[in-house]
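Colleague: Sequences listed follow chains U and X, in order. The first sequence begins at 4 in our numbering and counts up by one. The second sequence begins at 4 in our numbering and counts up by one. First the structure, which I've put down as structure tokens, then a few questions once you've had a look.
Number of protein chains: 2
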Amino acid sequence: MDTPTGARALADTAALLADPTRAAICLALLDGRAWTAGELARRAGVAAPTATGHLNRLAGAGLLTEERQGRHRYLRLAGPAAAELVETLAQFADRDAPAPPARSLRTARQQGELARARTCYDHLAGALGVAVTDAMTTRGLLDHRNGLALTTAGADWLGATGITVRPGRRPAVRPCLDFTERRPHLAGAVGAALCRHAVDAGWVVPRPDSRAVRVTAAGREALRGLLGLEWSCD
Amino acid sequence: MDTPTGARALADTAALLADPTRAAICLALLDGRAWTAGELARRAGVAAPTATGHLNRLAGAGLLTEERQGRHRYLRLAGPAAAELVETLAQFADRDAPAPPARSLRTARQQGELARARTCYDHLAGALGVAVTDAMTTRGLLDHRNGLALTTAGADWLGATGITVRPGRRPAVRPCLDFTERRPHLAGAVGAALCRHAVDAGWVVPRPDSRAVRVTAAGREALRGLLGLEWSCD
DNA sequence: GGGACGCTTCGGTCAGGACCGAAGCGTCCG
DNA sequence: CGGACGCTTCGGTCCTGACCGAAGCGTCCC
Numbered sequence: 004m005d006t007p008t009g010a011r012a013l014a015d016t017a018a019l020l021a022d023p024t025r026a027a028i029c030l031a032l033l034d035g036r037a038w039t040a041g042e043l044a045r046r047a048g049v050a051a052p053t054a055t056g057h058l059n060r061l062a063g064a065g066l067l068t069e070e071r072q073g074r075h076r077y078l079r080l081a082g083p084a085a086a087e088l089v090e091t092l093a094q095f096a097d098r099d100a101p102a103p104p105a106r107s108l109r110t111a112r113q114q115g116e117l118a119r120a121r122t123c124y125d126h127l128a129g130a131l132g133v134a135v136t137d138a139m140t141t142r143g144l145l146d147h148r149n150g151l152a153l154t155t156a157g158a159d160w161l162g163a164t165g166i167t168v169r170p171g172r173r174p175a176v177r178p179c180l181d182f183t184e185r186r187p188h189l190a191g192a193v194g195a196a197l198c199r200h201a202v203d204a205g206w207v208v209p210r211p212d213s214r215a216v217r218v219t220a221a222g223r224e225a226l227r228g229l230l231g232l233e234w235s236c237d
Numbered sequence: 004m005d006t007p008t009g010a011r012a013l014a015d016t017a018a019l020l021a022d023p024t025r026a027a028i029c030l031a032l033l034d035g036r037a038w039t040a041g042e043l044a045r046r047a048g049v050a051a052p053t054a055t056g057h058l059n060r061l062a063g064a065g066l067l068t069e070e071r072q073g074r075h076r077y078l079r080l081a082g083p084a085a086a087e088l089v090e091t092l093a094q095f096a097d098r099d100a101p102a103p104p105a106r107s108l109r110t111a112r113q114q115g116e117l118a119r120a121r122t123c124y125d126h127l128a129g130a131l132g133v134a135v136t137d138a139m140t141t142r143g144l145l146d147h148r149n150g151l152a153l154t155t156a157g158a159d160w161l162g163a164t165g166i167t168v169r170p171g172r173r174p175a176v177r178p179c180l181d182f183t184e185r186r187p188h189l190a191g192a193v194g195a196a197l198c199r200h201a202v203d204a205g206w207v208v209p210r211p212d213s214r215a216v217r218v219t220a221a222g223r224e225a226l227r228g229l230l231g232l233e234w235s236c237d
């Protein structure tokens with residue numbers, strides 16, 4: 004066969020996400036938390052045996068990692084590379100989606116919280132994520148002229164603020180299309196470090212039952228002092 | 004059905020690349036050039052009717068663009084977003100591949116050319132791509148401390164050198180794992196601009212029949228003057 | 001210990017799609 | 001004008017894998 008060896012490997016990887024049920028599972032796990040097998044089955048709308056098969060396949064391929072605790076099986080995305088793979092696919096699939104319907108006033112409260120501030124795997128998203136990205140651009144920490152880039156001033160700011168970026172192969176900054184705002188927010192190694200620091204420093208508190216986060220008083224103070232960003236709590 | 008709407012779209016996108024034949028086609032097109040339907044069929048090792056079906060599907064989904072000329076049908080990747088999608092999948096599939104076999108001396112000449120300098124969609128790769136990336140890091144144009152980033156000095160250097168980066172949603176710089184060197188080379192909007200400028204300025208000349216490029220005397224001069232990089236022609 | 005619960009294995013059904021050969025259509029060239 | 005060539009459509013074969021119900025196994029809790 005002429006088929007290059009890499010083609011089979013690429014196809015096998017793509018096949019992992021080429022099923023609506025497995026795609027739904029991975030999208031759910033994009034919140035960065037660990038879900039049980041049953042939760043994922045219900046979320047994806049399939050029976051338990053079906054979910055078991057899919058989860059075995061995803062974990063076996065290294066896209067998910069699992070952890071057994073008693074009668075529960077907890078699953079999460081295997082790492083940033085896995086999350087970025089899912090995100091890349093989702094963004095390409097979504098690239099020419101229609102503009103979001105104008106925000107309706109009857110939008111549920113939970114929905115509003117999600118749109119205002121949430122996590123997207125390991126970085127901040129929603130109106131908060133976009134506002135932070137904009138503020139960093141305004142203060143010269145990010146530069147959009149040549150594509151999204153972290154400036155030297157941005158690297159210094161990170162050090163001065165005490166935000167430490169974990170080493171790795173990831174790009175420092177990466178635009179991630181915000182599903183509610185339809186504008187890019189900050190992802191990549193710096194986006195992850197910023198989000199981690201915000202949680203550790205008590206600037207934001209993740210809601211236990213959703214990917215929404217709540218900005219604390221200390222968080223508003225930090226956003227104002229470090230980025231000149233006024234975050235209203237309404 | 005509970006399945007979120009986005010899951011179906013993600014799965015449909017992944018399914019495009021979940022077939023070894025379509026994967027082989029897209030990998031071939033990663034050289035950034037336009038191929039005829041017949042060439043792709045032979046490359047992928049399938050009969051013409053089979054290739055037609057696959058190409059219709061890929062083009063219909065917007066991953067490929069086509070151009071008819073007489074009795075030929077030319078196809079290429081639809082754009083940087085499509086190329087990055089294929090690359091992301093390929094890199095994840097390849098993430099724990101064994102280290103490359105030690106370079107054998109009987110490596111064919113063409114093979115050697117490809118390993119030395121080639122294009123990877125729209126940026127430079129091979130030993131040349133890695134060397135340029137390293138030189139830019141040494142000169143403070145790129146910064147690896149917080150993940151790969153373009154420094155302010157790097158942005159200035161681009162302007163001074165006359166390299167103009169096309170606007171878009173791409174990250175300025177992105178590491179792209181080099182298949183032969185097994186180390187990252189420069190991709191993203193800046194990587195593309197650099198490669199485009201290198202071709203336009205006559206620094207490198209693409210070989211007509213492969214993705215290999217040849218570094219010209221002017222190219223060696225430019226690499227020396229602009230990056231302090233000595234590129235031997237052996 | 002008994003029952004509820006979470007997950008897994010097994011077996012059987014069914015739809016989707018990858019593939020090719022043969023035939024057809026338009027283009028190019030001698 | 002006729003033949004070679006590149007691509008496409010059609011029809012038929014075959015295989016992969018997604019799905020669920022029933023039953024089984026281990027864990028937790030009353």
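Heads up, the beta-carbon is just placed ideally off N, CA and C, and yes, glycines get one too.
Please tell me whether Glu-116 of chain X has its Cβ less than 8 Å away from any Cβ of chain U.
Modeller: No, its Cβ sits nowhere closer than 8 Å to a Cβ of chain U.
Colleague: Can you tell me which of X:Trp-160, X:Gly-191, X:Leu-117 puts its alpha carbon nearest to the alpha carbon of Ala-138 of chain X?
Modeller: Selected option, being the one with the closest Cα: X:Trp-160.
Colleague: Counting only the same chain and skipping the five closest in sequence on each side, list residues whose C-beta sits under 8 Å from that of Pro-174 of chain X.
Modeller: Once the five neighbours on either side are set aside, the close Cβ partners of Pro-174 of chain X are Gly-191, Ala-192.
Colleague: Is it the case that the Cβ atoms of Arg-214 of chain U and Arg-121 of chain U are separated by a distance below 8 Å?
Modeller: In contact: Arg-214 of chain U and Arg-121 of chain U (Cβ atoms closer than 8 Å).
Colleague: Quick one, which of X:Asp-125, X:Gly-228, X:Ala-163, X:Thr-164 has its alpha-carbon nearest Cys-179 of chain X's?
Modeller: Ranking the options by Cα distance to Cys-179 of chain X, first place goes to X:Asp-125.
Colleague: State the DSSP-derived secondary structure class of Leu-108 of chain U, mapped to helix, strand or coil.
Modeller: Annotation note: pLDDT 47 at Leu-108 of chain U (below 50); position unreliable, coordinate value reported separately. Note: Leu-108 of chain U maps to coil in three-state DSSP.
Colleague: Checking contacts by CB at 8 Å: is Asn-59 of chain X closer than that to chain U?
Modeller: By this cut-off, Asn-59 of chain X is not an interface position.
Colleague: Taking a Cβ distance cut-off of 8 Å, strictly less, list which residues of the region 9-21 of chain X are near chain U, in chain order.
Modeller: For the region 9-21 of chain X, which is checked against every Cβ of chain U, the residues closer than 8 Å are Gly-9, Ala-10, Arg-11, Ala-12, Leu-13, Ala-14, Asp-15, Thr-16, Ala-17, Ala-18, Leu-19, Leu-20, Ala-21.
Colleague: Please give me, in chain order, every unbroken run of the alpha helix (DSSP H) with length at least 4 that falls completely inside the region 153-236 of chain X.
Modeller: Runs of the alpha helix (DSSP H) inside the region 153-236 of chain X: 155-164, 191-203, 220-230.
Colleague: If we cut at 8 Å on Cβ distances, does Arg-186 of chain X have a partner in chain U?
Modeller: It does not: the Cβ of Arg-186 of chain X has no partner Cβ on chain U nearer than 8 Å.
Colleague: Going by the DSSP bridge assignment, what does His-126 of chain U pair with across the sheet?
Modeller: DSSP output for His-126 of chain U lists U:Cys-123 as bridge partner(s).
Colleague: Taking DSSP as the reference, what is the three-state secondary structure of Leu-117 of chain U?
Modeller: If DSSP states are grouped into helix, strand and coil, Leu-117 of chain U belongs with the helices.
Colleague: So, at 6 Å on beta carbons, what are the nonlocal neighbours of Ala-86 of chain X in its own chain, with the 5 sequence-adjacent residues on each side left out?
Modeller: These residues qualify, in order along the chain: Leu-80, Tyr-124.
Colleague: Provide the residue span of the alpha helix (DSSP H) that contains His-75 of chain U, from first to last.
Modeller: Premise fails: His-75 of chain U lies in the beta strand (DSSP E), 75-80, not in any alpha helix (DSSP H).
Colleague: Are the C-beta atoms of Arg-98 of chain X and some chain U residue less than 8 Å apart?
Modeller: Output row for Arg-98 of chain X: interface = yes.
Colleague: Where Ala-201 of chain X and Pro-209 of chain X are concerned, what is the direct C-alpha to C-alpha distance, given to the nearest angstrom?
Modeller: For Ala-201 of chain X and Pro-209 of chain X, the distance between alpha carbons rounds to 10 Å.
Colleague: Locate the alpha helix (DSSP H) running through Arg-25 of chain X, then write down its first and last residues.
Modeller: That run of the alpha helix (DSSP H) goes 23-32.
Colleague: Starting from Leu-144 of chain U, trace the beta strand (DSSP E) both ways and give me its first and last residue.
Modeller: Unbroken run through Leu-144 of chain U: none, as it is neither H nor E.
Colleague: May I ask which residues mark the beginning and end of the beta strand (DSSP E) holding Arg-71 of chain U?
Modeller: Segment 67-72, the beta strand (DSSP E) holding Arg-71 of chain U.
Colleague: Pull out every residue of the region 24-35 of chain X whose Cβ sits closer than 9 Å to any Cβ of chain U, in chain order.
Modeller: Per Cβ criterion, the list reads Thr-24, Arg-25, Ala-26, Ala-27, Ile-28, Cys-29, Leu-30, Ala-31.
Colleague: Less than 6 Å between C-beta atoms, sequence neighbours within five positions excluded: which residues of the same chain meet that for Arg-217 of chain X?
Modeller: Around Arg-217 of chain X: Val-208.
Colleague: May I ask you to list the residues that DSSP assigns as paired with Leu-151 of chain X?
Modeller: Answer is U:Pro-174.
Colleague: Per DSSP, Thr-39 of chain U is paired with what?
Modeller: Bridge partners of Thr-39 of chain U: U:Tyr-77.
Colleague: If you drop the 5 nearest sequence neighbours on each side, which residues of the same chain put their C-beta closer than 7 Å to that of Leu-229 of chain X?
Modeller: For Leu-229 of chain X, where only same-chain residues beyond five positions count, the Cβ hits under 7 Å are Thr-164.
Colleague: Check whether the region 50-63 of chain X and the region 52-67 of chain U touch, using three or more Cβ-Cβ pairs below 8 Å as the test.
Modeller: Flag = no, the region 50-63 of chain X and the region 52-67 of chain U do not touch.
Colleague: In whole angstroms, what is the alpha-carbon distance linking Gln-128 of chain U and Gln-94 of chain X?
Modeller: According to the sequence as given, residue 128 of chain U is Ala; it is not Gln. C-alpha separation (whole angstroms): 26 Å.
Colleague: Mind pulling the chain U residues with CB within less than 9 Å of Glu-87 of chain X?
Modeller: Under the 9 Å cutoff, chain U gives Thr-91, Phe-95.
Colleague: Of the residues that make up the region 186-219 of chain X, which ones have a beta carbon closer than 7 Å to any beta carbon in chain U?
Modeller: Cβ contacts with chain U come from Pro-187, Gly-191, Ala-192, Val-193.
Colleague: For Leu-67 of chain U and chain X, any beta-carbon pair shorter than 8 Å?
Modeller: For Leu-67 of chain U, the answer is no, since every Cβ of chain X falls outside 8 Å of its Cβ.
Colleague: Using only CA atoms, which one of U:Ala-27, U:Thr-24, U:Thr-16, U:Ala-225 lies nearest to Asp-22 of chain X?
Modeller: If we check each option's Cα against that of Asp-22 of chain X, U:Thr-16 comes out closest.
Colleague: Applying the 10 Å Cβ sphere with the 16-neighbour rule, what's the burial state of His-75 of chain U?
Modeller: Answer is exposed; the Cβ neighbour count stays below 16.
Colleague: Name the residue from X:Ala-37, X:Ile-166, X:Ala-64 whose alpha carbon lies nearest to the alpha carbon of Tyr-77 of chain X.
Modeller: It is X:Ala-37 whose Cα lies nearest to the Cα of Tyr-77 of chain X.
Colleague: Give the range of the alpha helix (DSSP H) segment to which Ala-96 of chain X is assigned.
Modeller: From DSSP, the alpha helix (DSSP H) with Ala-96 of chain X extends over 83-96.
Colleague: With a cut-off of 8 Å, does the C-beta of Thr-39 of chain U fall near any C-beta of chain X?
Modeller: Judged by the 8 Å Cβ criterion, Thr-39 of chain U is not in contact with chain X.
Colleague: Using DSSP with H/G/I as helix, E/B as strand and the rest coil, what is Asp-99 of chain U?
Modeller: DSSP places Asp-99 of chain U in coil when its eight states are reduced to three.
Colleague: What does the Cβ neighbour count give for Gly-132 of chain X, buried or exposed, with the cut at 16 atoms within 10 Å?
Modeller: Buried, by the Cβ-count rule.
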